[in-house]
Amino acid sequence: MKPLRRSVLKLFAASATLAAAGLLGARTAFAAVWNKVGFESKTGADALKSLGVANAAASKDIQITAPEIAENGAQVPVTVLSRIPNTQSISIVIDKNPFPLNSTFEFSNGADSYISTRVKMGQTSSIMALVKADGKFFTASKEVKVTIGGCGG
Amino acid sequence: MAEPMKIRAKMEGEFADVKVLMSHPMETGQRKNEKGELVPVHFIQSVIASHNGKTVLDIQWSQAIARNPFLGFRVKGAKAGDKIAIDWTDTAGDKSSIETTVGA
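Dropping the structure here:
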């Protein structure tokens, strides 16, 4: 979908919700433009490039919770917590997946820098959490062994 | 066309802890149906979470988020009775929304 169309649709959606809820304040931000280049990248390195990452520093203040062994790659629970001050976003990059960039979560207006979701993994791979804080990038990784891949399901 | 979402928001210390379960096939474009044909790619691309009308999370997803996506997050400074809303849009332009009130 074209970015302009998305923005316009989002605007309608936001207006409709506001009208329905009778709220005074407008939703403060429209959806970010979907990172097509990043999500279509076939390597982790290209995905990082699409996010503007040059020198990401490894950080112990990022905590990734995921199973050591995932029997079913179609449903792998992943939780990322960043304790880095002023965390702006968390991205998940799964290196061995056909399209490594998995997701990007941008925080604003009091969201804690914590997310929990379930991902698909095609095979055993590292799961990298990339954190943007104060315009700088930090990473942490965790290896997850996959018994049955989840890309077909 | 989208089936309803499930959402729960509850105070946990200084945070509102929110859990959302969306209903979506999250097709990767790599799966084959019974006839051996590829099922076209179809997934939730964008999710916006808001607290009393203000965006707290602006999310971009790929097809590698698991089917019937789960999302957990926390909102600082929220209190019981506040509104938490979720709006998603998928690659076909379908949308779904849900709103709940933070429980004590």
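Those protein sequence lines, which keep their order, are chains A and B. Residue 163 in this note's numbering sits at position 81 of the first sequence, with consecutive numbering throughout. Residue 33 in this note's numbering sits at position 32 of the second sequence, with consecutive numbering throughout. All C-beta atoms, glycine included, are put in the ideal place defined by N, C-alpha and C.
Beta-carbon gap between residue i and residue j smaller than 8 Å
i               : j               : result
G155 of chain A : I209 of chain A : no
A139 of chain A : A222 of chain A : no
Length of the line joining the Cα atoms of residue i and residue j
i               : j               : result
I174 of chain A : L183 of chain A : 6 Å
K126 of chain A : K11 of chain B  : Correcting the residue type first, residue 126 of chain A is Gly in the shown sequence and not Lys. Approximately 36 Å, taken between the alpha carbons.
M90 of chain B  : R200 of chain A : A small correction: the amino acid at residue 90 of chain B is Thr; Met does not occupy that position in the sequence shown. About 18 Å.
F219 of chain A : G37 of chain B  : 43 Å
K77 of chain B  : G192 of chain A : 5 Å
I99 of chain B  : I176 of chain A : 30 Å
V162 of chain A : P149 of chain A : 13 Å
E153 of chain A : I66 of chain B  : 17 Å
N168 of chain A : N34 of chain B  : 45 Å
V158 of chain A : N179 of chain A : 13 Å
F16 of chain B  : H43 of chain B  : 33 Å
G232 of chain A : K131 of chain A : 26 Å
N137 of chain A : L212 of chain A : 11 Å
I144 of chain A : F74 of chain B  : 16 Å
V115 of chain A : V48 of chain B  : 12 Å
DSSP three-state assignment for residue i, whether helix, strand or coil
i               : result
D128 of chain A : helix
K80 of chain B  : coil
K118 of chain A : helix
G155 of chain A : coil
N191 of chain A : coil
A108 of chain A : Reliability of the predicted coordinates at A108 of chain A is poor, the pLDDT of 39 falling under 50, and no value is obtained from them.
L39 of chain B  : strand
Cβ-based neighbour list, residue i, same chain, cut-off 8 Å, excluding 5 preceding and 5 following
i               : result
G143 of chain B : Because chain B in this structure spans residues 2 to 105, residue 143 of chain B falls outside the shown range and cannot be described.
Contact set for residue i: own chain, Cβ-Cβ below 6 Å, skip 5 residues either direction
i               : result
G104 of chain A : With a pLDDT of 40 at G104 of chain A, under the threshold of 50, the predicted position of this residue should be treated as unreliable, though the coordinate-derived value follows. Counting only Cβ-Cβ distances below 6 Å, and skipping sequence neighbours, we find nothing.
K224 of chain A : I146, A148, I209
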